[in-house]
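So the sequence shown is numbered by my numbering: it starts at 1 and just counts up by one.
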Amino acid sequence: MMIDTNIGSKTIPIHETFQQTIQGEGFFAGTPCDFIRLAGCPVQCHYCDTGYADDSKNLPRSNLTFQQLIKQLISPRVVISGGEPFIHKQLPELVQEILANHKSVAIETSGSFWQDIPPATWITLSPKGHISPQYPVLPIMWQRANEIKLVIETGEELEYYAPQLSQLNIPVFLQPEWYTGDRTLNLVLELLRKNPQYRLSVQLHKYLNVP
């Protein structure tokens, strides 16, 4: 196989990066990690943490080379989020480069887009088809996901995805929508009483006030 000697000079659009934080959500909550937050997302969830629900906002965006990103990495685990990481054609090569530097890689995605990525990559699927029906989860994403992180706002999300969730044998996390947390936390606790096979995700980083 021919090795691309220019891979370190390839670029990808970045919203922000931060190092030596913790994963606040899902299966690896509480574990040290670095974040690479890629720029851009068409799905437009109204509660988006990074502001991509409104295309009119002038959000931070810069092009960094793979080499620049690799040099920033400190923690043993790297989380690639967004935005929506899978809209970027450079994603598989970036993942491969991070893995080659002896880091574990996780990607957080809505599941609406797909590219072939290395099998070692952990996929956190947070479906948003109930919010943006034009961006449903692709069938391959239900098959490829390592965990499901379902943001709960109304409680109807579980019913919406019931056909898919019933077929899965991976952890499913119910996460209270942050901006209405007083209401949604109680809602999620009630859902967990009725569905004890699922788990709670509480966005630990926000409670601790870390990036």
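The C-beta atom is built at its ideal place from N, Cα and C for all residues, glycine as well. All values derive from a computational prediction rather than experimental measurement.
| Is DSSP giving isoleucine 87 helix, strand or coil here? | Residue state, collapsed to three classes: helix.
For the alpha helix (DSSP H) containing arginine 77, list its first residue and its last residue.
-> In this chain, arginine 77 is not harboured by any alpha helix (DSSP H); it is covered by the beta strand (DSSP E) spanning 77-81.
Collapsed DSSP secondary structure at threonine 180 in the structure displayed:
In the three-state DSSP reduction, threonine 180 falls in the helix class (H, G or I).
| task | Return the CA-CA distance between proline 32 and histidine 130, expressed in angstroms with no decimal places. | result | Those two C-alpha atoms are separated by around 31 Å.
Which residues DSSP lists as bridging phenylalanine 35, in chain order: As DSSP reads the structure, phenylalanine 35 sits in a beta bridge with Phe18 and Val79.
Please say whether serine 75 and aspartate 258 have beta carbons closer to each other than 8 Å?
-> Within the shown structure, residues of the chain are numbered from 1 to 211, placing residue 258 beyond reach of any answer.
**Message:** Nearest by alpha-carbon distance to serine 126: which of Pro133, Pro119, Lys149 and Pro118 is it?
**Reply:** Nearest option by C-alpha distance: Lys149.
Q) Mapping DSSP to helix, strand and coil, what is glutamate 153? A) Residue state, collapsed to three classes: coil.
#### Entry: Whether valine 202 touches serine 132 by CB criterion (8 Å)
The answer is no: Cβ separation not under 8 Å.
Original post:
What beta strand (DSSP E) runs, 3 residues minimum, are completely inside the stretch 118-144?
Top reply: Runs of the beta strand (DSSP E) inside the stretch 118-144: 122-125.
Where do the N-terminal and C-terminal ends of the alpha helix (DSSP H) with isoleucine 70 fall, by residue? 66-72 is the extent of the alpha helix (DSSP H) around isoleucine 70.
Q. Which residues does DSSP pair with glutamate 108 in a beta bridge?
A. Answer by DSSP bridge pairing, in chain order: Thr124.
Determine the closest residue to tyrosine 47 out of Trp142, Gly83 and Thr124, with distance taken between C-alpha atoms. Distances from the CA of tyrosine 47 to each of Trp142, Gly83 and Thr124 were compared; the closest alpha carbon is that of Gly83.
Candidates Ala162, Gln68 and Cys45: which alpha carbon is nearest asparagine 36's? A quick correction: the sequence has isoleucine, not asparagine, at residue 36. Among Ala162, Gln68 and Cys45, the Cα nearest to that of isoleucine 36 belongs to Gln68.
(Q) Alpha carbons only, please: which of Lys128, Leu189 and Leu38 is nearest the one belonging to histidine 15? (A) Among Lys128, Leu189 and Leu38, the Cα nearest to that of histidine 15 belongs to Leu38.
Beta bridge counterpart(s) of arginine 199 as assigned by DSSP: Phe173.
Q) tyrosine 207: which of Pro196, Ser81 and Trp178 sits nearest, CA to CA? A) Taking only the C-alpha atoms, the option nearest tyrosine 207 is Trp178.
Kindly indicate the opening and closing residues of the alpha helix (DSSP H) around tyrosine 207.
Element bounds for tyrosine 207: 204-208.
### Query
By the 10 Å Cβ neighbour count, where 16 or more other Cβ atoms means buried, how is histidine 102 classified, buried or exposed?
Exposed, since its Cβ has fewer than 16 Cβ neighbours within 10 Å.
Checklist entry - From threonine 11 to glutamate 159, what does the alpha carbon distance come to, in whole angstroms? => result When only Cα atoms are considered, threonine 11 and glutamate 159 end up about 40 Å apart.
Span separating the alpha-carbon of glutamate 93 from that of serine 104: If you take the alpha carbons of glutamate 93 and serine 104, they lie about 14 Å apart.
Measure how close the beta-carbons of threonine 17 and glutamine 96 come, nearest whole angstrom, since I'm counting them as under 8 Å.
With 8 Å as the limit, threonine 17 and glutamine 96 do not qualify as a contact, their Cβ atoms being about 18 Å apart.
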